[in-house]
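For the sequence shown, counting from 1, position 219 maps to 223 in the working numbering; every step adds exactly one.
No residue lacks a Cβ here, since even glycine has one placed at the ideal position from N, Cα and C.
The structure appears below as structure tokens.
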Amino acid sequence: MAQSIYTVKQVNAYIKNMFTQDYMLNRIYVKGEVSNCKYHTSGHIYFSLKDESGTIACVMFAGQRGGLSFRLCDGQQVVALGGVNVYERNGSYQLYAREIRQDGDGVLYERFRMLKRELEEMGMFASEYKKPIPAYAGRVGVVTAPTGAAVRDIMNIAARRNPYVQLILYPAQVQGEGAKESIVRGIRMLEKAKVDVIIVGRGGGSIEDLWAFNEEDVARAIFDCQIPVISAVGHETDTTIADYAADLRAPTPSAAAELAVYDYRQTQTRLKEYGLAMNRLLSQKAALNRSRLKECQTRLKYLHPRYKLQERQQRLADLEDRLRLRMEGRLRDSRHRLAVCMEAMKGLSPIQKLNQGYSYVEGADKKAVKSVGQVRPGERLSIYVTDGIIHAEVEKSRLIDIKSM
């Protein structure tokens, strides 16, 4: 039985048709937090909706902007009405939004924006106040919940990278009533303990779950802390006021542990690589010096006076050969030119003309006779031919037109 083979276009078109026929997906309300929001020059709005379990890509075309009564921004909690369909070009599905309204967390987001703007104007987020994170921290303080996934991730990463680093945990309350006070106490206690760096964070959640890290008291405690602070709040897409106030933001608690704890195995590996590189360079240097020594020996050998004399003798022999070749060339050229001149002289010789059947006529006055007007009847002439002279007497003469002959 032959197998049916379909093109990518056919598969995408089939899947899109399935989405189109699903009534529920054609009109669905989706609730989530806005992220990766971009206003395109065409008027379209591209964004994602996320929650604790995942994300979905969304688009609101320019023609549907009437269903949006506010400016969409990252971090807003919204409810979007639209249809889920397949974008055939890349085979991905997305929500095509027709209406978007703010959810209850939209108020929190507005508070977040106002506080962020206020603290930024105070200079609390300025880069010149950021303290550098120590490259080789020996004591790392952690302000987070004692039972959450964040502390387990930090402990696992730190143990893997450097088991000799000491972790000091302040078990803070990171959500709900009293969370901000607990976080502030943890930062101040670890500062008094004089740790090398402090990690402040927790796992991901909604804007309401993360609100303790958006409080002004927490931001000021981080800013005032003399110990460098790394914020590690939520997932990679989550951003809080604490992230802006911290000396360094990590996208996740695991990433914060990697930034705070140096990997001593990499240092060991790097030292081994340095050792191998040094041995390799020494070997190369020794080989190079040996090669230079042999080169110097060869040069000294060829600089011996005997070789100089032989070189000069050879050069004189070469010059002698070149001189002889040039003299022979000059002789050949001279012989050739002489032959050419002799041939030219032959063409100009009167004797050569006589040999060709011509004769030379001379009058009694020993002048060449070139015209009939030079002779008279009875005058004697001397006619020179190839093998002698003919003496003749003019009987008569007449003019003729040579050109008409």
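Check: Taking the beta carbon of residue 74 as the centre, do at least 16 other beta carbons fall within 10 Å, making it buried, or is it exposed?; Outcome: exposed
Check: Return the residue from the list 47, 46 and 42 that minimises the CA-CA distance to residue 53.; Outcome: 42
Check: Check each candidate in 207, 212, 315 and 208 and name the one with the smallest Cα separation from residue 180.; Outcome: 212
Check: Considering only C-alpha positions, which residue in the set 220, 32 and 191 is nearest to residue 3?; Outcome: Here the chain comprises residues numbered 5 to 409, so residue 3 is not present and cannot be evaluated.
Check: Assuming residue 154 and residue 87 are in contact, meaning their beta carbons sit under 8 angstroms apart, how far apart are those beta carbons, in whole angstroms?; Outcome: Actually they do not touch by this definition, with Cβ atoms about 37 angstroms apart.
Check: Looking at residue 263 and residue 234, is the spacing between their C-beta atoms short of 7 angstroms?; Outcome: yes
Check: Taking residue 174 as the reference, which of 183, 187, 243 and 168 has the closest Cα?; Outcome: 187
Check: Going along the chain, which residues of its own chain have a beta-carbon closer than 7 angstroms to the beta-carbon of residue 56, five neighbours each way excluded?; Outcome: 208 and 209
Check: What residues in its chain sit with their C-beta under 8 angstroms from that of residue 378, if we drop five residues either side in the sequence?; Outcome: 367 and 371
Check: Relative to the alpha-carbon of residue 49, which residue among 90, 102 and 340 has its alpha-carbon at the smallest distance?; Outcome: 102
Check: For residue 60, tell me which candidate among 70, 278 and 99 has the shortest Cα-Cα distance.; Outcome: 99
Check: Do residue 39 and residue 241 have their C-beta atoms closer together than 7 angstroms?; Outcome: yes
Check: Which residue's Cα is closest to the Cα of residue 142: 183, 45 and 200?; Outcome: 200
Check: Distance, Cα to Cα, residue 317 vs residue 323?; Outcome: 10 angstroms
Check: For residue 84, which of helix, strand or coil comes out of DSSP?; Outcome: strand
Check: Let's test the definition: count the other Cβ atoms within 10 Å of the Cβ of residue 37 and tell me whether it reaches 16, buried, or not, exposed.; Outcome: buried
Check: Is the beta carbon of residue 135 less than 7 angstroms from the beta carbon of residue 267?; Outcome: no
Check: Just grab the DSSP bridge partners of residue 42 for me.; Outcome: 50
Check: Identify which residue in 392, 382, 393 and 375 has its Cα closest to the Cα of residue 404.; Outcome: 375
Check: Taking the straight line between their C-alpha atoms, what separation do you get for residue 329 and residue 338?; Outcome: 14 angstroms
Check: Helix, strand or coil for residue 3, going by three-state DSSP, please let me know.; Outcome: The structure shown does not extend to residue 3, since the chain is modelled only from 5 through 409, so no value can be given for it.
Check: Buried or exposed for residue 128, please, with buried defined as at least 16 other CB atoms from any protein chain shown within 10 angstroms of its CB.; Outcome: buried
Check: Looking only at C-alpha atoms, which of 125, 247, 33 and 132 sits nearest to residue 106?; Outcome: 33
Check: Do you know how far the Cα of residue 346 is from the Cα of residue 327?; Outcome: 28 angstroms
Check: Exposed or buried, what is residue 253 when buried is set at 16 or more other beta-carbons lying within 10 Å of its beta-carbon?; Outcome: buried
Check: Could you check whether residue 236 and residue 205 sit closer than 7 angstroms to each other, using their CB atoms as the reference points?; Outcome: yes
Check: Under a three-way DSSP split, which group does residue 398 fall into?; Outcome: coil
Check: Report the option in 381, 390, 396 and 386 whose CA atom is closest to the CA atom of residue 402.; Outcome: 381
Check: Excluding five sequence neighbours on each side, which residues of the same chain lie with their C-beta closer than 8 angstroms to the C-beta of residue 275?; Outcome: none
Check: Pull up the distance between the alpha-carbon of residue 387 and that of residue 394, whole angstroms please.; Outcome: 5 angstroms
Check: Residue 265 and residue 246: beta carbons closer than 7 angstroms?; Outcome: no
Check: Can the beta-carbon of residue 146 be found less than 7 angstroms from the beta-carbon of residue 161?; Outcome: no
Check: With a threshold of 6 angstroms, establish whether the CB of residue 274 neighbours any heavy atom of the ligand FMN.; Outcome: This structure simply doesn't include the ligand FMN, nor any ligand for that matter.
Check: Where do the ends of the beta strand (DSSP E) carrying residue 244 lie?; Outcome: It is not in any beta strand (DSSP E) - residue 244 carries neither H nor E in the DSSP assignment.
Check: How about residue 83 and residue 13: do their beta carbons lie closer than 7 angstroms?; Outcome: no
Check: Taking 6 angstroms as the limit between beta carbons, can you name the residues of its chain near residue 72, skipping five residues before and five after?; Outcome: 104
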